[in-house]
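Using mature numbering (1 follows the signal peptide of the UniProt record, and there is no 0), the letters of the sequence shown correspond one by one to residues -20 to -1, 1 to 459.
Quick reminder that beta carbons are idealized off the backbone N, C-alpha and C, glycines included.
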Amino acid sequence: MKKILLNLLAVVLACTSLRAASNMSDTTLPCVSAYEPNNTDETAALIPTNTDIQGAIFPSGDNDTYQINAPANSQIHITQHNPAANTYLGIYNYDTGEYDWALDPGVDVVLNFNTIGGKCYIFVGAYGEPSESCYTLNVGLATPPLCPDTFEYNDVLDSAKTIVIGQTVAGRISDYADRDFFKFTVDTPSTISAYMTNVVSEYFQFDLKNANGILLRSGVYDATNKTKHIFQYGLSAGTYYLETSSQGFAINPECYQLTVNTQPSQECADWYEPNNNDLEAPEISLNTDYISKLQDQDFYMFFVPSGTYYFEVRVDGLWPNCRVSLTDLYLAGVGFDHVEYNEDYGSVEVFNGGGEYYIVEIDPYTGGTSSDKCYKLRINVPGATTTRKQALTTKNGLIQPVKLYPVPTTGKMLMEVTTTGEREKRISISDLSGRILFSQKYGVTDGLNKLEITLPSTLANGVYIISDGKQSRKILLRR
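See the structure below:
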């Protein structure tokens, strides 16, 4: 850290003209520093906190280094009175990587610094024109009172303390070996949101486990707000556990706050199988939550109304390397999102994309094995109704434009068509550009008709569109 500070000082020096050596003062200052020699970290003087000390930059080019031992979560307030016009003041903690610095043009220098704790070095120097000065330094130190660990003993699963849903509790991890277990119960299938605040490090453990102690999900770290959160969708009724610890890292005692909220929801299961490719993609409604289990690639289809300026495909409850891909009905790419480290969702935003069908693919782990974690999918379209008018509803409550029973190796398939007052239906096959490759009439009667469609032997393997003139769907031919 000191090297960083000195590099910053070197930049300042490079940008400031220096006096010639013959103009440098050699007068004796009226003050004497009791902490010399203290020009390096190795000779840094240990000073009392919350006390004024006398220091001196003498002769020109002199540096002073001091050290203090800061307790955990210390708040440090440094004040330097009567600095030279070009004083440089910095503080750094080698063990934690924390540092801060200030340049001040001849007025009192104030530097506020928060640290995890440990040995901190204070560096006083000069930049620009060499100068000599007496100064007074005060390193104020305040340590917030340590929170009580009211839930001990709760270091193992069997000793977990019960917490009330919706209430915030405070806990403390006292050392590298300490663990805290909490438990809560849900009576109906629910979505869980658990928050841990005042998290000093991303390595601080925050895990959700089932009644057998098996890990379900780990917390995601928010460095800006110093929090970790866990979202678990569609948990079945039962008892669950939360575990916190330092994961064996040596730390000072750390206080935290913990809150668990629940909301009734659909229970997590792989409800929409088979949906492993775009041909099997069920059509889903807009502005509706869909909870499912991601054990393989999942595909869904949806329609965005004409005139829509903006919509978002949002998938929560994912984990690093999951991928959310969006295409149009002809599989042309529209957008994708790759879930990164310390993320748990994927999002694709589209502008001016109304009046179209889209296919969304959720891939559990690009280049790796599948998982069985649960996720929530929602197509956010501001102002849109949840379903389209005149949509065909299947037995699962989902929507499909055409019901097919593909037989990919024989070149034949069954197509369901419901008619009223018609004697025949013309079925056509076209390529993805819309060029008709095959067309044939089939006799129909009122009600449900299952038509056996024989694809021409001249069609190569690939993706085509089958249509009855009103509705259409893609098919995949594999001979």
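Compare the C-alpha of residue i against each of the options and name the closest.
i           : options                        : result
Ser419      : Asn429, Leu456, Leu435, Lys430 : Leu435
residue 467 : Asn360, Cys354, Tyr220, Gly228 : This structure cannot settle anything about residue 467, because the visible part of the chain is limited to -20 through 459.
Asn178      : Ala150, Glu260, Thr168         : Ala150
Ala106      : Phe131, Thr59, Leu69, Tyr422   : Leu69
Met176      : Ile153, Pro169, Asp296         : Ile153
Gly41       : Thr23, Ser54, Ser113           : Ser113
Asn441      : Lys392, Ala25, His318          : Lys392
Ser327      : Val304, Asp343, Tyr337         : Val304
Gln243      : Pro169, Ser226, Tyr444         : Pro169
Lys141      : Ser54, Lys163, Val90, Val89    : Lys163
Val340      : Pro262, Lys189, Asp158         : Pro262
Tyr252      : Tyr236, Ser272, Glu402         : Ser272
Asp426      : Ile409, Val293, Glu402, Asp448 : Glu402
Ile27       : Ile409, Pro39, Ala50           : Ala50
Pro295      : Leu137, Gln185, Pro344         : Contrary to the premise, residue 295 reads as Val rather than Pro in this sequence. When each option's Cα is compared against that of Val295, the closest is Pro344.
Lys454      : Val319, Ser437, Val293, Met281 : Met281
Asp250      : Val319, Ile342, Thr204         : Ile342
Val424      : Val136, Asp448, Ser437         : Asp448
Note down, in chain order, each residue of its chain lying with its Cβ closer than 7 Å to the Cβ of residue i, except the 5 sequence neighbours on either side.
i           : result
Asp32       : Thr116, Asn118
Thr76       : Thr95, Ile96, Gly98
Glu260      : Pro254, Phe279
Tyr291      : Looking at the sequence provided, one finds Phe at residue 291 rather than Tyr. Result list for Phe291: Val284, Val330, Gly333, Ile359, Asn360, Val361, in chain order.
Tyr422      : Glu404, Lys405, Ile407, Leu431
Asp411      : Leu417, Tyr444
residue 476 : Any property of residue 476 remains undetermined from this structure, which presents the chain solely from -20 to 459.
Look at the Cβ atom of residue i, then the Cβ atom of residue j, and state whether they are nearer than 8 Å.
i      : j      : result
Ile407 : Ile446 : yes
Thr398 : Lys405 : no
Asp269 : Lys356 : yes
Tyr46  : Tyr15  : yes
Thr325 : Leu298 : The identity of residue 325 in the sequence shown is Tyr, whereas the question assumes Thr. Taking 8 Å as the Cβ cut-off, Tyr325 and Leu298 qualify as a contacting pair.
Leu439 : Leu456 : no
Ala122 : Asp167 : no
Ile56  : Gly120 : yes
Asn18  : Gly146 : no
Val104 : Thr67  : yes
His61  : Asp21  : no
Gly335 : Ser265 : no
Cys100 : Cys235 : no
Lys353 : Leu274 : yes
Ala364 : Asn267 : yes
Gln185 : Gln227 : yes
By Cβ distance, which residues of its chain are closer than 6 Å to residue i, with the 5 residues on each side in sequence left out?
i      : result
Gly35  : Ser13, Asp44, Tyr115, Leu117
Asp160 : Asn134, Gly151, Thr224
Ser198 : Asp187
Asn92  : His57
Ser139 : Tyr133
Leu195 : Asp187, Lys189
Cys11  : Gln34, Ala36, Cys114
His318 : Arg303
Asp202 : none
Our contact map puts residue i next to residue j with C-beta atoms below 8 Å; I'd like the distance itself, whole angstroms only.
i      : j      : result
Phe279 : Asn255 : 5 Å
Ala174 : Ser111 : That belief does not hold up - the Cβ atoms of Ala174 and Ser111 are roughly 56 Å apart, past 8 Å.
Ile37  : Ile102 : With 8 Å as the limit, Ile37 and Ile102 do not qualify as a contact, their Cβ atoms being about 14 Å apart.
Thr219 : Thr165 : 5 Å
Tyr221 : Gly193 : 7 Å
Tyr289 : Phe316 : Not a contact, Cβ separation roughly 21 Å.
Thr148 : Ser245 : With a Cβ gap of about 22 Å, Thr148 and Ser245 do not count as contacting.
Tyr337 : Leu309 : 4 Å
For residue i, I'd like the list of residues in its chain whose CB is within less than 8 Å of its CB, leaving aside the five on either flank, ordered along the chain.
i      : result
Phe229 : Tyr156, Ser181, Tyr183
Val200 : Lys208, His209, Ile210, Asn322, Glu323, Asp324
Asn257 : Gln277, Phe279, Leu456
Gly313 : Ser305, Leu306, Thr307
Asn30  : Asn118, Val119, Gly120, Leu121
Going by the C-beta, is residue i closer than 7 Å to any heavy atom of the ligand FMN?
i     : result
Cys11 : With respect to the ligand FMN, the structure shown offers nothing to examine, as it has no ligands at all.
Within 8 Å (strictly less), CB to CB, does residue i reach chain E?
i      : result
Ser225 : Reference to chain E is not applicable here, since this structure consists of a single protein chain.
Item to check | Contained beta strand (DSSP E) runs [length at least 3] in the segment 31 to 117, N- to C-terminal order | outcome: 32 to 37, 44 to 50, 54 to 61, 67 to 73, 78 to 84, 89 to 95, 98 to 106
Checklist entry - At which residue ranges does the segment 203 to 246 contain complete beta strand (DSSP E) runs of 3 or more residues, listed in the order of the chain? => result 207 to 215, 218 to 225, 234 to 244
Next on the checklist: Which complete beta strand (DSSP E) runs does the segment 266 to 345 hold, if anything under 3 residues is left out?
Outcome noted: 270 to 273, 278 to 284, 290 to 296, 303 to 308, 313 to 318, 325 to 331, 336 to 343
Item to check | Residue ranges of each beta strand (DSSP E) within the segment 128 to 202, 3 or longer | outcome: 148 to 153, 159 to 166, 170 to 177, 185 to 189, 195 to 198, 200 to 202
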